[in-house]
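Enquirer: Before anything else, here's the structure in question.
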Amino acid sequence: MKPNKPLRTLTAFAGIGYVITTTMIPRVSEVFIKVGLKGRDMSKKPPVAEIPESMGIVVAVTYLTLMLALIPFVFFKYLVNFASMSNDEEVSETYLQQYNTLSHNHLFPHNKLAEYLSAVLCLQSTTLLGLFDDLFDIRWRDKFFLPSIASLPLLIVYYVDFSVTSIVVPSFITESQWGSLLLANVEFLIRWGNIVVSRITGLTFSTLAPDYYIKTAIKVPKMLDLGVFYYLYMSAVSIFSPNSINILAGVNGLEVGQLIVLGIILLLNDSCYLFSNSISQAARDSHLFSALFIIPFIGVSLGLLQYNWFPAKVFVGDTYCYFSGMVFAIVGILGHFSKTLMIFLLPQIINFVYSVPQLFHIVPCPRHRLPKFDVEDGLMYPSYGEVTTTGGSALQRIMFNTLEVFGLISLKRDKNGDITHFSNMTIINLILVRLGPLREDALCMVILLLQLITGISMIAFRHTVGPWLFGYDNLTWGVK
593 MKPNKPLRTL
603 TAFAGIGYVI
613 TTTMIPRVSE
623 VFIKVGLKGR
633 DMSKKPPVAE
643 IPESMGIVVA
653 VTYLTLMLAL
663 IPFVFFKYLV
673 NFASMSNDEE
683 VSETYLQQYN
693 TLSHNHLFPH
703 NKLAEYLSAV
713 LCLQSTTLLG
723 LFDDLFDIRW
733 RDKFFLPSIA
743 SLPLLIVYYV
753 DFSVTSIVVP
763 SFITESQWGS
773 LLLANVEFLI
783 RWGNIVVSRI
793 TGLTFSTLAP
803 DYYIKTAIKV
813 PKMLDLGVFY
823 YLYMSAVSIF
833 SPNSINILAG
843 VNGLEVGQLI
853 VLGIILLLND
863 SCYLFSNSIS
873 QAARDSHLFS
883 ALFIIPFIGV
893 SLGLLQYNWF
903 PAKVFVGDTY
913 CYFSGMVFAI
923 VGILGHFSKT
933 LMIFLLPQII
943 NFVYSVPQLF
953 HIVPCPRHRL
963 PKFDVEDGLM
973 YPSYGEVTTT
983 GGSALQRIMF
993 NTLEVFGLIS
1003 LKRDKNGDIT
1013 HFSNMTIINL
1023 ILVRLGPLRE
1033 DALCMVILLL
1043 QLITGISMIA
1053 FRHTVGPWLF
1063 GYDNLTWGVK
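So the mapping is simple: the working numbering equals the position in the sequence shown, first residue as 1, plus 592.
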């Protein structure tokens, strides 16, 4: 595995991760059952045997071990050239030579080590959060914001190393009178927000002017500097990404499958940059950093999918959902494409928005909203929540009737026409409402296909409609 061939090295490590995962899972399964980490798959015909839960911890530990073992490969050239030299003049000369030829090597710059280690630390913290949730069943409202604490190392490194807090404003806003007025008011509020936070913390949150260079042939787009609010946005990404995976779950193979598909989508997007000759070195490095974390992740996840696919032999647990969701938050934040990441998470965003009435108890929310399994035909049917008051409140009736008009919910009524039950508000149940009963593996395949089609469409959208909307595409416009 040559150090100047990072993609080959990463593929080899992904293969190692797959082998370790597929070897370890059957060996530790009985141990997990003995210590009480076990459950029954209620979507199977009886008799149903107990199978191990929280198997995501095996994947997380394997992945973290691989990422630590990767460090010498990632920074091999720098370690050899500098660690073996004792003459300061020789070190300085070699450093300048490497700096001047940086555009012709595909290794990470040395300052990426801080980002790399902060990412590993963040993943370790998130893995512990997921494990505690599996062990102690932490309430949703108590654990919802905890990933933001785990993301602090990422945000600190981002602040020190990159510190870009500007976003591009679409041209249709800047070129209209109402848009310019709105933008001026937003800038005023952001400026005062930054002043208040800076006086409290002593920190300055802004994008440095020299950070950007734009080819003169390209029209300079309008930039909006969000300052401290950009860090709040990135913190929100670190909260949403793990939780969104945890919400869209409950079907054999779905948690692992959607993340493998999402990883493939990100790699396709990364390849647009890694195999392009028209981008800056910084953009190439950012997407190589993304591939560095995604490729081994796909390897270990494929090993887990082998045992979690229908009929599941193991459950992944919240550990895997939180850990894997944070992997994508990390590459989005430290890879400097957190906004692009969000459009790839569109199915998860839609599922979250659709679930909001139940998550925030606007309508009744049962403990579990999994589809209902019919023992007779072996198919999955939409599960239903019960309206606690007769007919529901006025707000509930308006919401239910509106969703029913658009075919987004299934309602049950009594003989008086009052709503008594409604299909639980998740994409999983919605697919069953629209397509009818499905076998569990077929249901999972439909959702994964939806994720894949959406992801590929968003890549095309990002590099076609995006440049038209914002006036540029960072495949040809970059950050120093």
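Where is the CB? At the ideal position from N, CA and C, for every residue including glycine.
1. For Phe-944, which of Phe-1014, Thr-1018, Asp-910, Phe-889 has the nearest alpha-carbon?
2. My guess is that Leu-977 and Ile-1011 are in contact by the Cβ rule of under 8 Å, so how many angstroms apart are they, rounded?
3. Looking only at C-alpha atoms, which of Tyr-823, Pro-644, Leu-795, Asp-817 sits nearest to Ile-1147?
4. Could you check what DSSP says for Met-616 in three-state terms: helix, strand or coil?
5. With burial defined as no fewer than 16 other Cβ atoms inside 10 Å of the residue's Cβ, what is the status of His-879: buried or exposed?
6. What are the partner residues of Gly-631, as DSSP defines its beta bridges?
7. Three-state secondary structure (DSSP) at His-928?
8. Label Lys-1007 either buried or exposed according to how many other C-beta atoms from any shown protein chain fall within 10 Å of its C-beta, with 16 as the threshold for buried.
9. Measure how close the beta-carbons of Leu-866 and Phe-920 come, nearest whole angstrom, since I'm counting them as under 8 Å.
10. Leaving out five residues before and five after Leu-1030 in sequence, what residues of the same chain have Cβ atoms less than 8 Å from its Cβ?
11. Can you tell me where the beta strand (DSSP E) holding His-953 begins and where it ends?
12. Assuming Met-1017 is part of the alpha helix (DSSP H), what are its boundary residues?
13. Among residues of its own chain, excluding the 5 on either side of Val-967, which ones have a beta-carbon nearer than 8 Å to its beta-carbon?
14. Cα separation between Ala-874 and Phe-832?
15. Thinking just about the alpha-carbon of each residue, which of Gly-849, Phe-902, Lys-964, Gly-891 is nearest to the one in Ala-606?
16. Measure how close the beta-carbons of Leu-846 and Val-651 come, nearest whole angstrom, since I'm counting them as under 8 Å.
17. Just verifying my parser: in three-state terms, what is the DSSP assignment at Thr-1056?
18. Buried or exposed: which applies to Ser-868, given that a residue is buried once 16 or more other Cβ atoms fall within 10 Å of its Cβ?
19. Can you tell which of Thr-719, Ser-1015, Val-955 has its C-alpha closest to the C-alpha of Ala-986?
20. With Arg-1031 as the anchor, note down where its beta strand (DSSP E) starts and where it stops.
21. Beta carbon of Ser-790, beta carbon of Phe-780: below 8 Å?
22. Let's test the definition: count the other Cβ atoms within 10 Å of the Cβ of Leu-699 and tell me whether it reaches 16, buried, or not, exposed.
23. Skipping 5 residues on each side, what residues in its chain have a beta carbon closer than 6 Å to that of Thr-808?
24. Tell me which residues share the same chain as Ser-772 and place their Cβ nearer than 6 Å to its Cβ, disregarding the 5 neighbours each side in the sequence.
25. Secondary structure at Ile-730, three-state DSSP: helix, strand or coil?
26. Which residue from Ile-608, Thr-601, Glu-622, Ser-635 puts its Cα closest to that of Ala-904?
27. With DSSP collapsed to three states, give me the class of Ile-871.
28. Where do the ends of the beta strand (DSSP E) carrying Ser-758 lie?
29. What separation, rounded to the nearest whole angstrom, lies between the Cα atoms of Glu-996 and Arg-1005?
30. Quick check on Glu-978: does DSSP put it in helix, strand or coil?
31. May I ask you to list the residues that DSSP assigns as paired with Phe-965?
Expert: So, from the data block:
1. Thr-1018
2. Note that residue 977 corresponds to Gly in the displayed sequence, not to Leu. With 8 Å as the limit, Gly-977 and Ile-1011 do not qualify as a contact, their Cβ atoms being about 11 Å apart.
3. Any question about residue 1147 goes unanswered here, given that the chain covers just 593 to 1072.
4. helix
5. buried
6. Ile-643
7. coil
8. exposed
9. Actually they do not touch by this definition, with Cβ atoms about 18 Å apart.
10. Leu-971, Met-972, Ile-1023, Leu-1024, Val-1038
11. Neither: His-953 is in no beta strand (DSSP E) and is coded neither H nor E.
12. Taken as a continuous stretch (DSSP letters only), Met-1017 belongs to no alpha helix (DSSP H), as it is neither H nor E.
13. Lys-637, Pro-638
14. 27 Å
15. Gly-891
16. About 15 Å; that fails the 8 Å criterion.
17. coil
18. exposed
19. Val-955
20. No beta strand (DSSP E) holds Arg-1031; DSSP gives it neither H nor E.
21. no
22. With a pLDDT of only 47 at Leu-699, under the threshold of 50, the placement of this residue in the model should not be trusted; the figure read from the coordinates follows. It is buried - the Cβ of Leu-699 has at least 16 other Cβ atoms within 10 Å.
23. Interpretation of Thr-808 is limited by its pLDDT of 45, a score under 50 that renders its predicted location unreliable; no figure is taken from the coordinates.
24. none
25. coil
26. Ser-635
27. coil
28. 758-760
29. 12 Å
30. strand
31. Met-972
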